[in-house]
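What follows is a set of notes on a single structure, which appears directly below.
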Ligand SMILES: [Zn+2]
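Residue numbers (this note's numbering): 558 to 877.
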C-alpha cells in the first residue's frame with residue numbers, strides 16, 4: 558500500500574516537473590535569432606533579427622540608422638559593432654519610424670555620434686511610456702530631407718496611421734521605401750489600437766501609387782513592393798465596410814462578431830488568431846465615428862455597460 562502511494566507520489570512529482578519544464582521553455586524566448594544585414598540598393602541596407610527589421614543608409618558623410626529593436630534582443634549592440642567593422646563613416650543620424658517599443662528600444666546605443674530624428678508627435682509617447690529609446694533632438698511636421706553626402710533621404714509624414722507619429726523613409730534615387738508597420742501586406746494586425754483607420758486607408762492608397770518606389774522594406778516580414786500596401790488596404794477597407802454596415806443595421810457587437818467571417822482573406826496571416834479582435838476594435842473605432850438616428854433605450858444602455866457584446870449603436874432595423 559505504502560509502495561503504491563510512494564509510486565503515485567513519484568508519478569505526480571514527475572508530471573509536475575514535466576509541466577514546469579514545458580512552461581519554462583515556452584516562456585523563455587531565444588533572442589537575436591537570424592541576425593542579418595542585407596544590402597537592398599547602392600546605399601540602403603536592411604538589418605534585423607527575430608523577424609523584426611530596421612534599415613540603414615550610407616553616404617560619404619555618414620550613416621543614418623532607421624529604428625531600434627526589441628528591448629531584449631541585443632541586436633542594436635550587435636549592429637553598432639557591425640557598422641563600425643563594415644563602414645568607415647560614423648552613424649550621424651538615428652531616424653525613428655514611430656514610438657512603438659519594438660522599433661525604438663536601445664536606439665540610444667548610437668547617442669555617442671548620432672542625432673535622433675522623429676515626427677513631432679513621437680515625443681509625448683516616448684516620454685509618457687518611459688521608452689528605452691533615444692529621444693529625438695530634431696522633430697518635423699510634414700517632411701524633412703536628410704543629406705548624407707551623395708544620398709538624399711526623404712522623411713515623409715502623411716498623417717496619423719498605425720500611430721500618430723509613423724513616418725516613411727524614402728530614398729527616391731534608389732527607389733526604396735522603408736515603410737515600417739504600414740507595409741503589412743497580406744497579414745492582420747493583432748487589433749486596431751493606436752490606429753486612425755480612415756487616415757490609414759488614405760495613406761495606404763497614396764503609398765500604393767507613389768512614384769520612385771520599387772522596393773518596400775516592412776518592419777516585419779520579407780522585402781516586398783507596393784502591392785503590399787494595396788493588399789493591406791483591401792482587407793482594412795473590407796472589414797471597415799462590413800462592421801459599419803452591420804452597425805447601421807442595429808446589430809449588437811456579439812452578432813457582428815458571429816456574422817463577419819472575411820473568408821476571402823482566409824489566406825492572410827493572423828486571420829485565424831486575430832480576426833475576432835480585429836472586429837471588436839474596428840467596432841470600437843466606428844462606434845466613435847458615427848451617430849445613429851435614434852439613441853438606444855436606457856435598458857439597452859445598462860446591458861451595454863455591463864457587457865460590451867450587448868452594445869448596439871442604432872435601433873435594430875425592421876427586418877432583423
Ligand atoms: Zn508599431
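Glycine is no exception: its CB is placed at the ideal position from the N, C-alpha and C atoms.
Handout entry: Residues near residue 827 by beta carbon distance below 6 Å, same chain, minus five either side
Key = 744, 745
Problem - Cut-off 7 Å between Cβ atoms - residues of its own chain near residue 740, not counting five sequence neighbours on either side - result: 773, 775, 781, 785, 786
Practice task
Inspect the CB distances between the segment 756–765 and the segment 808–820 and report whether three or more fall short of 8 Å.
Solution key: no
Exercise for the section: Could you please give the first and the last residue of the uninterrupted alpha helix (DSSP H) stretch that includes residue 841? Expected result: 828–844
Exercise for the section: Grab me the residues of residue 658's own chain with a C-beta within less than 7 Å of its C-beta, minus the 5 sequence neighbours each way, in chain order. Expected result: 628, 688
Problem - Straight-line gap, residue 608 to residue 693 (C-alpha atoms, nearest Å) - result: 25 Å
Exercise for the section: Just list the alpha helix (DSSP H) runs in the segment 747–771, keeping only unbroken ones of 4 residues or longer that don't cross its boundaries, in chain order. Expected result: 754–766
Exercise for the section: With DSSP as the reference, label residue 785 as helix, strand or coil. Expected result: helix
Problem - Straight-line gap, residue 871 to residue 853 (C-alpha atoms, nearest Å) - result: 6 Å
Exercise for the section: Less than 8 Å between the CB atoms is what I'm expecting for residue 834 and residue 721, so what's the real figure, rounded? Expected result: That pair is no contact at about 21 Å.
Exercise for the section: Counting only the same chain and skipping the five closest in sequence on each side, list residues whose C-beta sits under 7 Å from that of residue 765. Expected result: 783, 786, 787, 790
Exercise for the section: Using 10 angstroms around the beta-carbon of residue 725, count the other beta-carbons present and answer buried if the total reaches 16, otherwise exposed. Expected result: buried
Handout entry: Nearest residue (CA-CA) to residue 756, options 654, 857, 842
Key = 842
Exercise for the section: Can you tell me which of the three DSSP states residue 636 falls into? Expected result: helix
Exercise for the section: Answer yes or no: the CB of residue 598 versus the heavy atoms of ligand 1, is any distance below 7 Å? Expected result: no
Exercise for the section: Return the CA-CA distance between residue 667 and residue 637, expressed in angstroms with no decimal places. Expected result: 7 Å
Problem - Assumed close pair residue 676, residue 696 - CB separation to whole angstroms, cut-off 8 Å - result: 6 Å
Exercise for the section: With a cut-off of 8 Å on the beta carbons, I'd call residue 621 and residue 585 a contact; round off their distance for me. Expected result: Actually they do not touch by this definition, with Cβ atoms about 35 Å apart.
Problem - Cross-strand partners of residue 603 (DSSP beta bridge) - result: 595, 612
Exercise for the section: Check whether the Cβ atoms of residue 606 and residue 590 sit closer than 8 Å, and answer yes or no. Expected result: yes
Handout entry: Range of the contiguous alpha helix (DSSP H) that encloses residue 680
Key = 679–685
Problem - residue 643 versus residue 594 - alpha carbon distance - result: 11 Å
Practice task
Have a look at residue 877 and residue 855 and give me their C-alpha separation to the nearest angstrom.
Solution key: The predicted model places residue 877 with a pLDDT of 46, which falls under 50 and marks its position as unreliable; any figure quoted below should be read in that light. Straight-line Cα distance between these residues: approximately 20 Å.
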